[in-house]
Amino acid sequence: MHRNSLVKGLLGIFGVWLTSASLPMINSGMLKQFSPEELLTARGVLSAVLVLVILRGKVLVSDRGTYLMALFVSGAALGLYKGIRIWGAAPTIMVVTATPLVNFVIGKIRGRAIQRAEIPGTLMIMLGVLTVLFKQGSSFSWLGLYWSIFGTIMNGIFYELIPLSKATQFQKTFWNCVAIGVVAALVSGTNPAKLFMVTPATGLGLVLFALIGGFLYWWSNMIAFDKENLPVQAASVLAQGETITVILVSMYLVGEQHLSMIQWFGVALALYGTWYLARALQQE
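Numbers in my numbering are just positions in the sequence shown, counted from 1, shifted up by 40.
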């Protein structure tokens with residue numbers, strides 16, 4: 041693997057982590073004025089508007105794969121939203137962390153070689169995240185599990201479609217944001233027009249939220265999953281580390297939770313798994 045391409049891919053992963061980690065800080069203020077559903081809609085709609093301005097309206101592509109990619113990311117968003125609403129964020133994220141397993145299966149079907157470091161790296165990151173999120177006595181829901189598995193499968197297929205799309209990274213970002221905004225508005229009944237009928241100060245906060253949590257987040261994903269930068273399987277594994285960064289930021293800067301010793305072990309294991317896989321990719 042070319043070193044410059046690897047660095048770009050890892051920077052994309054770091055961007056995914058960083059933008060995800062920043063959301064708890066922004067959410068703590070924005071949730072006083074908007075519901076989570078409205079913020080999710082803003083994350084899609086306003087981000088799409090930002091990219092539309094950057095590209096000066098040149099967002100239409102003839103590549104069918106780009107629209108297919110947007111379709112599957114909308115399915116992933118729907119599964120994640122429904123899962124969280126039915127049985128909570130922790131169990132939903134625990135299931136979605138298994139996305140790399142979907143990519144392993146797809147890779148096997150497509151005849152893609154699996155790098156030796158990907159399996160232990162995947163297991164360490166998944167086990168680390170599960171250790172951090174697992175809570176005894178949590179209620180179980182078959183419907184919540186169904187939606188979470190549905191979202192996980194959609195997410196894995198979405199990851200596979202990113203490098204197959206022939207659109208530019210900005211165009212891919214635009215269509216992903218459109219898909220997220222449409223799904224969020226439809227399932228929650230949010231009127232997107234409400235996002236534009238706010239005071240200047242509130243509007244600036246929404247734009248900042250959309251810039252970081254929408255545009256920069258999805259753009260970072262497009263860089264990470266670019267076929268010239270990282271293999272799909274490795275990028276899928278490394279992307280799961282965003283859960284750990286969100287938890288750490290929520291604990292230190294927002295004060296939402298405190299970790300036990302076992303949970304700290306999970307954090308360390310997930311971070312070590314990330315380092316292990318990144319180091320193995322560098323040595324290839």
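Using N, Cα and C, we set each Cβ at its ideal position, and we do this for glycine too.
None of these values were measured; they are calculated from a predicted model.
Buried or exposed: where does residue i fall if 16 or more other Cβ atoms within 10 Å of its Cβ makes it buried?
i	result
Phe180	exposed
Trp182	exposed
Ser87	buried
Glu158	buried
Arg83	buried
Asn44	exposed
Leu244	exposed
Ile53	buried
Ala153	exposed
Val47	exposed
Met164	buried
Trp127	buried
Asn231	exposed
Thr239	exposed
So residue i and residue j are supposed to be a Cβ contact under 8 angstroms. How far apart are they, rounded?
i	j	result
Leu309	Leu167	6 angstroms
Lys212	Met262	5 angstroms
Val91	Phe249	Not really, about 15 angstroms apart at Cβ, beyond 8 angstroms.
Ile290	Pro64	Ile is not the amino acid found at residue 290; the sequence shown has Ser there. Rounded, the Cβ-Cβ distance is 5 angstroms, consistent with contact.
Gly97	Phe190	So it is not a contact: roughly 34 angstroms between Cβ atoms.
Phe214	Val113	That pair is no contact at about 12 angstroms.
Lys122	Trp187	4 angstroms
Ala274	Leu317	6 angstroms
Phe265	Ile193	Contact flag wrong, Cβ pair sits at about 17 angstroms.
Are residue i and residue j close, meaning C-beta to C-beta below 8 angstroms?
i	j	result
Gln280	Val145	no
Asn143	Glu200	yes
Thr59	Gly221	no
Pro140	Thr106	no
Val272	Ala117	no
Thr285	Ala61	yes
Val56	Tyr257	yes
Gln303	Thr171	yes
If you compare alpha carbons, which of the options is closest to residue i?
i	options	result
Leu100	Phe210, Val277 and Gly52	Phe210
Phe74	Leu288, Lys234 and Ser276	Lys234
Val307	Leu317, Gly115, Ile287 and Lys48	Ile287
Phe174	Arg319, Thr137 and Asn195	Thr137
Lys72	Thr242, Gln273 and Thr81	Thr242
Val85	Gly191, Leu251 and Ser102	Leu251
Gly229	Leu46, Thr81, Gly49 and Gly55	Thr81
Leu321	Gly147, Arg156 and Val56	Arg156
Leu226	Arg104, Gly115 and Thr239	Gly115
Pro131	Thr314, Thr283 and Leu246	Thr283
Ile66	Pro240, Leu246, Met301 and Val277	Leu246
Ser276	Pro240, Gly147 and Gly184	Gly147
| request: Scan the stretch 201–274 and note each continuous alpha helix (DSSP H) run of 4 residues or more that stays entirely inside, going in chain order. | output: Qualifying alpha helix (DSSP H) stretches, in chain order: 209–228, 240–250 and 257–264.
| task | Any chance you could list the alpha helix (DSSP H) runs of at least 4 consecutive residues sitting entirely within the stretch 41–127, in chain order? | result | 43–70, 76–94 and 104–127
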